[in-house]
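K.L.:
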Amino acid sequence: MIDSRTAPYAALVLRVTLGALFLAHASLKLFVFTPVGTAKFFGSLGFPPELAYLIMTVEVLSGVALILGVWTRYAALAGIPILLGAIFSVHGAAGFFFTNPKGGWEFPAFWAIALAAQALLGDGAYALRPSRDVAAGGQLSGAHSR
Numbered sequence: 006m007i008d009s010r011t012a013p014y015a016a017l018v019l020r021v022t023l024g025a026l027f028l029a030h031a032s033l034k035l036f037v038f039t040p041v042g043t044a045k046f047f048g049s050l051g052f053p054p055e056l057a058y059l060i061m062t063v064e065v066l067s068g069v070a071l072i073l074g075v076w077t078r079y080a081a082l083a084g085i086p087i088l089l090g091a092i093f094s095v096h097g098a099a100g101f102f103f104t105n106p107k108g109g110w111e112f113p114a115f116w117a118i119a120l121a122a123q124a125l126l127g128d129g130a131y132a133l134r135p136s137r138d139v140a141a142g143g144q145l146s147g148a149h150s151r
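Structure representation (structure tokens):
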């Protein structure tokens with residue numbers, strides 16, 4: 006049973022946390038590795054270097070959208086392919102645990118699952134642009150308390 010009094014706040018906590026993770030991850034690429042360095046890394050993996058710029062853009066836009074509660078479901082869904090790509094191209098070969106050398110796939114997999122949960126939950130409390138069903142009086146973007 007979902008507690009309809011607290012569930013919107015749980016979705017808010019998840020939404021803001023996921024958005025902050027995306028901004029932190031994008032900041033690492035932008036300010037530590039630099040966009041040029043990130044593009045070179047993507048190229049070394051066999052991807053077109055230009056893909057790095059798309060990934061950084063999606064990370065920033067998804068992060069901001071999640072924090073603000075704007076197009077929450079779309080922002081969450083947009084991040085899942087990025088994390089699956091990280092698993093299959095970089096972290097998968099390192100094993101499961103993220104503490105392994107070169108990081109395993111444990112953290113990106115959990116992050117992708119959390120994004121899927123956010124997409125299912127919807128906006129939660131304090132969203133700047135709540136989903137239509139919430140704005141129309143629905144509970145937690147369609148979740149039911151019974």
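Under my numbering, read the sequence shown as residues 6 to 151, first letter to last. For each residue, glycine too, the CB sits at the ideal point set by N, CA and C.
(1) Indicate the three-state DSSP secondary structure (helix, strand or coil) for residue 151 in the structure shown.
(2) Can you list, in chain order, the residues of its chain with a C-beta nearer than 6 Å to that of residue 61? Leave out the 5 residues immediately preceding and following it.
(3) Between the beta-carbon of residue 63 and the beta-carbon of residue 83, is there less than 9 Å?
(4) Going by DSSP, what residue range makes up the alpha helix (DSSP H) through residue 22?
(5) What are the start and end residues of the alpha helix (DSSP H) that includes residue 90?
(6) Could you please give me the residues that DSSP links to residue 134 through a beta bridge?
(7) Excluding the 5 residues flanking residue 81 on each side, which residues of the same chain have their C-beta closer than 6 Å to its C-beta?
(8) What does the alpha-carbon distance come out to for the pair residue 56 and residue 44?
(9) When you compare each of 69, 37 and 96 to residue 21 by their alpha carbons, which one comes out closest?
(10) Compute the Euclidean distance between the alpha carbons of residue 50 and residue 94, then round it to the nearest angstrom.
(11) Mapping DSSP to helix, strand and coil, what is residue 94?
(12) Among the residues of its own chain, which have a CB less than 6 Å from the CB of residue 112, if the five just before and after it don't count?
P.N.:
The structure says:
(1) If you number the sequence shown from 1, residue 151 lands on position 146. Because the pLDDT of residue 151 is 33, which lies under 50, any placement of that residue in the model is unreliable, and the question is left without a value.
(2) One-based indexing of the sequence shown puts residue 61 at position 56. Apart from sequence neighbours up to five positions away, the residues of its chain that approach residue 61 with a beta-carbon distance below 6 Å are 31 and 34, ordered along the chain.
(3) The residue given as residue 63 occupies position 58 in the sequence shown. The residue given as residue 83 occupies position 78 in the sequence shown. Going by C-beta atoms, residue 63 is nearer than 9 Å to residue 83.
(4) Working through the sequence shown from its first residue, we reach residue 22 at position 17. Note, residue 22: alpha helix (DSSP H), 12 to 32.
(5) As a first step, residue 90 must be located in the sequence shown, where it is residue number 85. That run of the alpha helix (DSSP H) goes 77 to 91.
(6) As a first step, residue 134 is located in the sequence shown; it is residue number 129 there, counting from the start. Bridge partners of residue 134: 75.
(7) Stepping through the sequence shown from its first residue, residue 81 is reached at position 76. For residue 81, where only same-chain residues beyond five positions count, the Cβ hits under 6 Å are 120, 123 and 124.
(8) The residue labelled residue 56 in the question sits at position 51 within the sequence shown. The residue labelled residue 44 in the question sits at position 39 within the sequence shown. For residue 56 and residue 44, the distance between alpha carbons rounds to 7 Å.
(9) Start at 1 with the first residue of the sequence shown, and residue 21 comes out as number 16. It is 69.
(10) As a working mapping, residue 50 is identified with position 45 in the sequence shown. As a working mapping, residue 94 is identified with position 89 in the sequence shown. Rounded to the nearest angstrom, the two C-alpha atoms are 7 Å apart.
(11) Position 89 of the sequence shown, counted from the start, is the residue given in the question as residue 94. The answer is helix: DSSP assigns residue 94 an H, G or I state.
(12) In the sequence shown, the residue the question calls residue 112 occupies position 107. Within the same chain, residue 112 has close Cβ partners 103.
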